[in-house]
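Just so you know, we're using this note's numbering here: the sequence shown kicks off at 8 and counts up by one.
Here a beta-carbon is modelled for each residue, glycine too, at the ideal position from N, C-alpha and C.
Before any comments, here is the structure.
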Amino acid sequence: MLSVTVVKLFLVIYCRSFTNEIVKAYAQDHFFDVITNIIGLIAALLANYVSDWMDPVGAIIVSECVPYFFQFSLWCLQHKYDQAGFMGSDGFIAYHFRVLCMIVFVYVYC
Numbered sequence: 008m009l010s011v012t013v014v015k016l017f018l019v020i021y022c023r024s025f026t027n028e029i030v031k032a033y034a035q036d037h038f039f040d041v042i043t044n045i046i047g048l049i050a051a052l053l054a055n056y057v058s059d060w061m062d063p064v065g066a067i068i069v070s071e072c073v074p075y076f077f078q079f080s081l082w083c084l085q086h087k088y089d090q091a092g093f094m095g096s097d098g099f100i101a102y103h104f105r106v107l108c109m110i111v112f113v114y115v116y117c
């Protein structure tokens with residue numbers, strides 16, 4: 008878990024160096040992943056060395072943080088209206104996803 012957190016932190020720094028807003032949204036998502044991973048890691052260590060009830064408390068903290076992070080996410084605030092109502096053409100989907108046999112509907116919610 009620590010190695011995943013370090014990789015995500017590297018991705019935060021790397022993605023923030025771009026000027027593209029979508030890549031910056033990925034950087035923000037990776038940053039939120041780093042925060043939740045650190046909270047989870049601390050809770051697991053405290054549960055192992057201090058008291059067992061620390062792990063559920065850490066899970067409650069993470070579960071309260073995730074909707075807060077998503078609510079103020081750059082992706083959700085700036086891009087949810089840009090993406091609504093658009094779909095790729097059949098040729099685009101067939102070219103990029105040759106393995107797929109049939110797509111009926113794709114729903115995206117923010």
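Extent of the continuous alpha helix (DSSP H) to which residue i belongs
i: S10; result: L9 to R23
i: T43; result: E28 to Y56
Assigned exposure category for residue i - 16 Cβ within 10 Å defines buried
i: D36; result: buried
i: V13; result: exposed
i: V57; result: exposed
i: Q90; result: Confidence is the limiting factor: at Q90 the pLDDT is only 48, short of 50, which leaves the residue's position unreliable and the question unanswerable from this model.
i: Y33; result: buried
i: F77; result: exposed
i: F39; result: buried
Proximity test, Cβ basis, 8 Å: residue i and chain C
i: M8; result: No chain C appears in this structure, which consists of one protein chain only.
Contact check, residue i vs residue j, beta carbons under 8 Å
i: V73; j: G47; result: no
i: M8; j: N55; result: no
i: G65; j: I49; result: yes
i: C22; j: V30; result: yes
Sequence-distant residues of its chain with Cβ nearer than 7 Å to residue i (five each side left out)
i: M61; result: A50, L53 and A54
i: L16; result: V41
i: Y75; result: none
Residues near residue i in its chain [Cβ-Cβ closer than 8 Å; skip 5 each side]
i: L18; result: Y33, A34 and H37
i: E63; result: The sequence shown places Pro at residue 63, rather than the Glu named in the question. None.
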